[in-house]
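Peer 1:
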Amino acid sequence: MKTIEDLLNGYRRFRRGVYGQQVDLYARLARGQDPDIMLIGCADSRADPSDIFDTAPGELFTVRNVANLVPPYQPDGSLHGVSAALEFAVGNLGVHHIVVMGHGQCGGVKACLHPERQRQAGEFVGPWVSQLDEVRDRVLAEQPSDPQLALELAGVHHSLKNLMTFPFVREAIAAGRLELHGAWFAISSGELSWLDSQEDCFQLVSH
Ligand SMILES: [Zn+2]
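Just so you know, numbering that gives the first Met the number 0 puts 110 at position 111 of the sequence shown, and the rest follows in order with no gaps.
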């Protein structure tokens with residue numbers, strides 16, 4: 000898919016195929032959405048949550064940004080896209096699970112890992128991925144064999160930690176209405192790892 004004509008041809012396949020088979024589902028969804036799961040993933044074109052989890056329309060409330068980051072709770076009147084989606088998902092939709100999913104070969108993580116690249120990353124990408132600077136310094140101090148992977152996984156932990164800075168997230172968890180999860184997708188093998196909160200490590204999901 001390289002051109003807008005390719006894109007529109009994809010739409011035509013969707014109309015004839017997936018949509019044609021799910022007319023009733025779409026008609027029902029037009030009356031409202033009620034997803035149980037929110038997924039926060041990277042904007043990377045190679046890690047598409049609806050493909051990876053084989054979800055149907057209406058099942059996954061998804062936010063994607065560079066490096067699947069959740070900034071901390073900052074009610075300062077600025078334009079916080081992730082926070083707005085989070086507030087809507089937890090407060091209005093009442094999702095029961097939030098999954099933060101990182102992935103392999105993440106360009107945002109790579110930019111943070113290499114300060115030179117981070118400086119050249121532009122006036123928005125550089126500051127955005129600098130959210131991970133402290134995490135990067137901590138990760139590098141441990142001299143991991145694969146710094147890129149180590150920071151991708153630590154970035155998921157970081158976003159999960161920041162989710163807990165939102166009062167409405169803490170309240171929903173305390174009330175037993177919400178659970179947080181971490182995941183990481185390997186583009187090269189198509190394998191998914193899931194954060195085991197008891198063991199505090201990522202485990203390969205059987206397939
Ligand atoms: Zn990424």
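Quick reminder that beta carbons are idealized off the backbone N, C-alpha and C, glycines included.
What is the rounded straight-line gap between the Cα of L92 and the Cα of L28?
Peer 2: Counting only the Cα atoms, L28 lies some 14 Å from L92.
Peer 1: So what does DSSP say about R11, is it helix, strand or coil?
Peer 2: helix
Peer 1: Restricting to Cα atoms, I'd like to know which of A55, A46, L152 and V22 is closest to P209.
Peer 2: Residue 209 is absent from the model: the chain starts at 0 and stops at 206.
Peer 1: Based on the DSSP output, what are the partners of H102 in its beta bridges?
Peer 2: The partner list for H102 (beta bridge, DSSP) reads F184.
Peer 1: From T2 to G9, what does the alpha carbon distance come to, in whole angstroms?
Peer 2: 11 Å
Peer 1: Work out the CA separation of R45 and A185 for me, nearest whole Å.
Peer 2: 10 Å
Peer 1: At which residues does the alpha helix (DSSP H) containing N91 begin and terminate?
Peer 2: First-last for N91: undefined, no H or E at that position.
Peer 1: Kindly indicate which three-state DSSP category E198 falls into: helix, strand or coil?
Peer 2: coil
Peer 1: Where does the unbroken alpha helix (DSSP H) through F167 begin, and where does it stop?
Peer 2: P166 to A173
Peer 1: If you draw a straight line from the alpha carbon of Y18 to that of T61, how long is it in whole angstroms?
Peer 2: 20 Å
Peer 1: In the DSSP assignment, find the alpha helix (DSSP H) that holds N161 and state where it starts and stops.
Peer 2: Unbroken alpha helix (DSSP H) run through N161: P146 to L162.
Peer 1: For G40, report the span of its beta strand (DSSP E) as first-last.
Peer 2: According to the DSSP assignment, G40 belongs to the beta strand (DSSP E) that extends over I36 to C41.
Peer 1: Is it true that the CB of N67 sits closer than 8 Å to the CB of I36?
Peer 2: no
Peer 1: Does the segment 163–176 come close enough to the segment 123–142 that 3 or more CB-CB pairs lie under 8 Å?
Peer 2: Short answer: they don't touch.
Peer 1: Since L191 sits in a beta bridge, which residues does DSSP pair it with?
Peer 2: F184
Peer 1: Considering only the alpha carbon of each residue, which of E190, G16, L162 and Q20 lies closest to V99?
Peer 2: Out of E190, G16, L162 and Q20, L162 has the C-alpha closest to the C-alpha of V99.
Peer 1: Can you check which of these residues, Y72, V81 and Q73, is closest to A42 by C-alpha distance?
Peer 2: V81
Peer 1: Are V134 and A110 close, meaning C-beta to C-beta below 8 Å?
Peer 2: No, the pair does not count as a contact, with Cβ atoms beyond the cut-off.
Peer 1: Among H79, V22, G101 and H96, whose alpha-carbon lies nearest the alpha-carbon of R176?
Peer 2: H96
Peer 1: I need the boundaries of the beta strand (DSSP E) containing R176, first residue and last residue.
Peer 2: No beta strand (DSSP E) holds R176; DSSP gives it neither H nor E.
Peer 1: Are the beta-carbon atoms belonging to L112 and P70 less than 8 Å from one another?
Peer 2: no
Peer 1: Determine which residues share a DSSP beta bridge with T61 and list them.
Peer 2: Listed as beta-bridge partners of T61 by DSSP are L38.
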